[in-house]
Amino acid sequence: MIGEEQTPSVLLIEDDHQMLRFLKALLRSSEYRLRCEATGEAGIAAAAAMRPDIVLLDLGLPDIDGHLVVERLRAWSLAPVIVISAREGDDDKVGALDRGADDYLTKPFSSTELLARVRVALRHARQRATGAQSPVFESGDLRVDLARHEALRAGVKIQLTPVEFRVLAALVREAGRVLTHRQILREVWGPGSVEQTHYVRVYMGHLRRKLERDPARPQHLLTEPGVGYRLQ
Amino acid sequence: VRVFGSLRPLRARSYATAFVIVALFTAAGIGAKTLLADADLSMLLLLGVVIVAYREPLGPALVATALSVGAFNFFFVPPFHTLHVSDTRYLVTFAAMAGMGVTVSSLTSRLRDRERAAHAANLRAKAEQIRNGILSSVSHDLRTPLGSIIGAATALRGGAIDADARDEMIDTILEEGNHLLGLLDNLLRMMRLSGEEHVLNEDWHVPEEIVGSALGRLGEALAHHEVRTSIDPRVGLAQFDGVLIELALVNLVDNAAKFSPRATSIEITIACRDAELVWEVADEGPGVPMDEREKVFQKFYRGAGRGERGSGLGLAIAKAIVEAHGGRVWVDARHDRTGAVFGFAVPLEASAPEMPGERVS
């Protein structure tokens with residue numbers, strides 16, 4: 001459990017020496033408490049011992065595949081897992097996310113981006129832990145209030161169909177995080193429809209037309225090509 | 233001796249050809265027998281051997297030699313229609329014919345071998361030349377940004393620079409790093425697309441979304457251009473590999489931004505035409521000269537001058553992607569003003585899938 005006053009602890013599972021050196025310097029100067037492990041097994045053991053607030057995980061570890069590490073961590077830990085990997089295949093990203101990773105960054109990434117993702121993941125974890133999920137999403141001229149069941153663009157209420165609202169709500173609950181097509185489909189259309197990716201694509205088109213100023217250049221409802229969507 | 237299955241029909245055909253040619257010349261000799269002397273007839277048959285030697289390998293040529301000598305004996309040397317020889321002088325003729333046949337056959341065969349070797353060497357040299365060209369261009373393209381990065385980092389390490397210079401150095405490292413990343417991605421992408429077992433990950437997509445994600449990905453590269461999009465409202469779901477088609481579009485738009493002046497506009501148009509989904513990117517740059525329009529899509533081709541650095545792969549990758557979809561790419565001049573229109577079309581095949589119904593509340 002994270003107290004507001006306590007600095008969050010980060011478990012970094014990564015075997016590349018230079019990457020470790022860079023990430024250590026970055027995370028320490030951002031005042032996170034840090035522990036590093038170079039193998040999957042050692043990482044899982046360390047996670048059990050220290051109960052980190054967040055895990056940063058490289059997929060290409062010397063002993064076991066990173067996907068397996070995500071799966072084994074998820075079996076008992078709610079700590080957010082951000083995957084950092086040199087693998088750029090979409091299947092690797094989707095695989096890690098569907099197994100319960102919270103986010104995914106492909107090497108090389110900008111340190112600003114990494115720190116932002118860490119903050120988002122920590123915020124979500126805190127909200128989950130306290131049950132105080134913010135029912136309101138606000139960004140630019142877009143405001144979505146889940147409790148009042150309404151979406152506003154520049155202060156004007158936008159009419160959404162029930163399914164449109166459910167897609168939007170799924171994204172709002174995980175705002176800032178990437179959701180895979182499969183995750184959205186399961187939540188909105190049910191487990192029987194997880195292969196129907198075009199449902200999501202069509203509904204995202206509808207939502208963009210209603211909520212974005214220029215649907216062809218979305219500012220909020222962002223596509224992660226080959227992976228899914230992120231609300232920002 | 234084991235004969236490989238695939239070679240057997242070829243060999244058989246060569247021997248058959250040899251037999252047919254000898255038969256033809258023998259028939260011609262029989263037809264002209266009354267007009268020609270023995271020497272002329274033997275020359276006629278030898279001509280057949282030369283033709284066989286010219287067309288076929290050594291083996292059939294030698295067989296043709298033997299057949300010709302046999303045919304000369306059988307048809308033209310008394311007693312006719314037997315292999316008996318009454319006049320021993322003919323044995324000299326036979327020996328001369330056989331010797332000439334063998335000599336001509338082996339000479340042409342040796343000549344052909346040499347020619348083949350020269351051709352292969354020529355091909356190897358050409359491939360080598362292309363590979364060296366690519367290597368030296370890739371090596372140059374890697375070294376230059378690495379040079380800037382190491383130079384900037386050592387300057388930062390050295391410390392004796394002012395704040396402005398420091399920012400410049402940091403930006404250099406960042407930009408050059410990103411440039412190298414782009415180059416690597418392009419090289420890998422090209423290699424993967426050239427692979428034979430490349431599989432498209434086709435799915436139903438909303439083209440508007442592809443445009444949005446392409447523009448989002450280009451980000452900074454479009455900072456100095458105004459981008460307008462126009463999507464035909466009849467364009468609905470279409471089936472293609474979303475990641476790859478987005479990449480093709482990214483490469484066309486990136487190319488337009490690179491080669492057109494700042495503060496000009498880039499127009500992206502998507503339309504359905506004749507069972508094709510047509511994507512076009514129009515810029516206000518100098519356009520592409522007629523004689524370069526095919527070449528710009530070739531690997532490692534770079535337009536003359538302008539000092540813009542690219543991998544020389546962007547358009548080639550777009551072409552490979554579109555062709556993998558059974559489509560085509562092109563570049564034209566703009567009709568309304570100066571500038572180029574890069575476009576591609578992919579066939580619209582199946583009809584769009586069903587969407588689940590929803591009662592609008």
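These protein sequence lines map, in sequence, to chains A and B.
One point on numbering: in the working numbering, the residue at position 45 of the first sequence is 45, and numbering is uninterrupted.
To get the working numbering, take the position in the second sequence, counting from 1, and add 232.
Ideal placement from N, C-alpha and C gives every residue a C-beta, glycine not left out.
(request) Answer with buried or exposed for B:P493, where buried requires no fewer than 16 other C-beta atoms within 10 angstroms of its C-beta. (result) Counted from its first residue, the second sequence places residue 493 of chain B at position 261. Classification for B:P493: exposed.
(request) For A:P294, return the contacting residues in chain B, with the cut-off set at a CB-CB distance below 8 Å. (result) Residue 294 of chain A is absent from the structure shown; chain A starts at 1 and stops at 232.
(request) Have a look at B:P588, B:R424 and B:V459 and flag the residue whose alpha-carbon is nearest the alpha-carbon of A:G190. (result) As a position in the first sequence, residue 190 of chain A is number 190, starting the count at 1. Measuring from the Cα of A:G190, the nearest candidate turns out to be B:P588.
(request) Return yes when the Cβ of A:S77 is within less than 8 Å of the Cβ of A:A49, no when it is not. (result) On the first sequence, residue 49 of chain A is found 49 positions in, with the first residue counted as 1. On the first sequence, residue 77 of chain A is found 77 positions in, with the first residue counted as 1. For A:A49 and A:S77, no; Cβs fall outside 8 Å.
(request) Pull up the DSSP beta-bridge partners for B:R356, would you. (result) The sequence position of residue 356 of chain B within the second sequence is 124, counting from 1. Paired residues: none, contrary to the question.
(message) I'd like the list of long-range same chain contacts for B:S593, defined as Cβ closer than 6 Å, with 5 residues on each side in sequence excluded.
(response) Within the second sequence, numbered from 1, the residue matching residue 593 of chain B stands at position 361. With a pLDDT of 42 at B:S593, under the threshold of 50, the modelled position of this residue cannot be trusted; read the value that follows with caution. Excluding sequence neighbours, B:S593 sits near nothing in its chain.
(message) So for B:F472, helix, strand or coil by DSSP?
(response) As a working mapping, residue 472 of chain B is identified with position 240 in the second sequence. In this structure, B:F472 counts as strand in the three-state DSSP scheme.
(request) Please report how far the alpha carbon of B:I253 lies from the alpha carbon of B:A565, in whole angstroms. (result) Numbered from 1 along the second sequence, position 21 holds the residue referred to as residue 253 of chain B. Numbered from 1 along the second sequence, position 333 holds the residue referred to as residue 565 of chain B. Roughly 58 Å between the two C-alpha positions.
(request) Identify the contact partners of B:W436 in chain A, using a Cβ-Cβ distance below 8 Å as the criterion. (result) Here residue 436 of chain B refers to the residue found at position 204 of the second sequence. Going along chain A in sequence order, the residues near B:W436 (Cβ under 8 Å) are T197, H198 and R201.
(message) Would A:G40 and A:L11 qualify as a contact pair, given that the criterion is a beta-carbon distance under 8 Å?
(response) Against the first sequence, residue 40 of chain A aligns to sequence position 40. Against the first sequence, residue 11 of chain A aligns to sequence position 11. Cβ distance not < 8 Å, so A:G40 and A:L11 don't count as in contact.
(request) Quick one: list the residues of chain A neighbouring B:G448, beta-carbon separation under 8 Å, in chain order. (result) Indexing the second sequence from 1 puts residue 448 of chain B at position 216. Under the 8 Å cutoff, chain A gives R217, P218, L222 and T223.
(message) For B:A303 and B:L277, which I take to be in contact (beta-carbon distance under 8 Å), what is that distance rounded to the nearest angstrom?
(response) In the second sequence, the residue the question calls residue 303 of chain B occupies position 71. In the second sequence, the residue the question calls residue 277 of chain B occupies position 45. 6 Å between Cβ atoms; contact.
(request) Taking 8 Å as the cut-off, decide whether the C-beta atoms of B:L481 and B:A446 are in contact. (result) As a first step, residue 481 of chain B is located in the second sequence; it is residue number 249 there, counting from the start. As a first step, residue 446 of chain B is located in the second sequence; it is residue number 214 there, counting from the start. It is a contact, given that the beta carbons lie within the stated cut-off.
(message) Please report the straight-line C-alpha distance between B:R466 and B:K490, rounded to a whole angstrom.
(response) In the second sequence, counting from the first residue as 1, residue 466 of chain B sits at position 234. In the second sequence, counting from the first residue as 1, residue 490 of chain B sits at position 258. When rounded, the distance between both Cα atoms is 31 Å.
(request) Examine chain A for any beta-carbon lying closer than 8 Å to the beta-carbon of B:M587, and answer yes or no. (result) In the second sequence, the residue the question calls residue 587 of chain B occupies position 355. Answer yes: the Cβ-Cβ gap between B:M587 and chain A drops below 8 Å somewhere.
(request) Assign B:H437 to one of three DSSP states: helix, strand, or coil. (result) Reading the second sequence from its first residue, position 205 is the one you call residue 437 of chain B. If DSSP states are grouped into helix, strand and coil, B:H437 belongs with the strands.
(message) Suppose you measure from the CA of A:R201 to the CA of A:A125; what does that come to, to the nearest Å?
(response) Taking the first residue of the first sequence as position 1, residue 201 of chain A is located at position 201. Taking the first residue of the first sequence as position 1, residue 125 of chain A is located at position 125. When rounded, the distance between both Cα atoms is 28 Å.
(request) Using a Cβ-Cβ cut-off of 8 Å, state whether A:V10 counts as contacting chain B. (result) On the first sequence, residue 10 of chain A is found 10 positions in, with the first residue counted as 1. With 8 Å as the cut-off, A:V10 does not count as an interface residue toward chain B.
(message) Check whether the stretch 257-275 of chain B and the stretch 216-231 of chain A touch, using three or more Cβ-Cβ pairs below 8 Å as the test.
(response) no
(request) May I ask which residues mark the beginning and end of the beta strand (DSSP E) holding B:V460? (result) Start at 1 with the first residue of the second sequence, and residue 460 of chain B comes out as number 228. For the sequence presented, residue 460 of chain B should be read as Arg rather than Val. Element bounds for B:R460: E458 to I463.
(message) Tell me the residue span of the beta strand (DSSP E) that contains A:L34.
(response) Residue numbering aside, residue 34 of chain A sits at position 34 when the first sequence is read from its first letter. A:L34 -> beta strand (DSSP E) spans R33 to E37.
(request) Could you name the residues of chain B that A:M204 contacts, counting a contact when the two beta carbons are closer than 8 Å? (result) As a first step, residue 204 of chain A is located in the first sequence; it is residue number 204 there, counting from the start. Neighbours of A:M204 on chain B, chain order: V438 and E441.
(request) Return helix, strand or coil for B:T501, following the three-state DSSP convention. (result) On the second sequence, residue 501 of chain B is found 269 positions in, with the first residue counted as 1. B:T501: strand per DSSP, three-state reduction.
(request) Please list the residues of the stretch 457-486 of chain B that have a C-beta atom closer than 8 Å to any C-beta atom in chain A, keeping them in chain order. (result) V459, T461, I463, L469, G474, V475 and E478
(request) Would you tell me roughly how many angstroms separate the C-alpha atoms of B:G409 and A:V81, rounded to the nearest one? (result) Reading the second sequence from its first residue, position 177 is the one you call residue 409 of chain B. Reading the first sequence from its first residue, position 81 is the one you call residue 81 of chain A. Approximately 27 Å, taken between the alpha carbons.
(request) Please compile the residues from chain A whose C-beta is within a distance smaller than 8 Å of the C-beta of B:S497. (result) Here the question's residue 497 of chain B lines up with position 265 in the second sequence. Within 8 Å Cβ-Cβ: nothing; B:S497 doesn't reach chain A, min ~14 Å.
(request) Identify the contact partners of B:G444 in chain A, using a Cβ-Cβ distance below 9 Å as the criterion. (result) Taking the first residue of the second sequence as 1, we reach residue 444 of chain B at position 212. Here the neighbours are R208, E212, D214, P215, A216, R217, P218, L221, L222 and T223.
(request) Taking only the alpha-carbon atoms, compute the straight-line gap between B:D373 and B:R534 and give it to the nearest angstrom. (result) Residue 373 of chain B sits at position 141 when you count from the first residue of the second sequence. Residue 534 of chain B sits at position 302 when you count from the first residue of the second sequence. Roughly 13 Å separates the two Cα atoms.
(request) Could you spell out where the alpha helix (DSSP H) holding A:R217 opens and where it closes? (result) Indexing the first sequence from 1 puts residue 217 of chain A at position 217. Neither: A:R217 is in no alpha helix (DSSP H) and is coded neither H nor E.
(request) May I have the straight-line CA-CA distance separating B:S543 from B:F532, to the nearest angstrom? (result) The sequence position of residue 543 of chain B within the second sequence is 311, counting from 1. The sequence position of residue 532 of chain B within the second sequence is 300, counting from 1. One C-alpha to the other measures close to 7 Å.
(message) Extract the residue ranges of the beta strand (DSSP E) inside the stretch 544-589 of chain B, only unbroken runs of 3 or more that lie entirely within it.
(response) 560-565 and 572-579
(request) Grab the span of the beta strand (DSSP E) containing B:S318 for me, first residue to last. (result) What you label residue 318 of chain B is simply residue 86 of the second sequence in a count that begins at 1. Unbroken run through B:S318: none, as it is neither H nor E.
(message) Taking 8 Å as the limit between beta carbons, can you name the residues of its chain near B:R398, skipping five residues before and five after?
(response) On the second sequence, residue 398 of chain B is found 166 positions in, with the first residue counted as 1. So the qualifying residues of the chain are L388.
(request) State the DSSP-derived secondary structure class of B:V520, mapped to helix, strand or coil. (result) The residue you call residue 520 of chain B lines up with position 288 of the second sequence. The answer is coil: DSSP assigns B:V520 none of H, G, I, E or B.
(request) Using alpha carbons as the reference points, say which of B:E458, B:H430, B:I463 and B:L425 lies closest to B:E441. (result) Residue numbering aside, residue 441 of chain B sits at position 209 when the second sequence is read from its first letter. Of the listed residues, the one whose Cα sits closest to B:E441 is B:I463.
(request) Whole angstroms is fine: what's the gap from A:V94's alpha carbon to A:Q183's? (result) To locate residue 94 of chain A, count along the first sequence from 1; it is residue 94. To locate residue 183 of chain A, count along the first sequence from 1; it is residue 183. Approximately 10 Å, taken between the alpha carbons.
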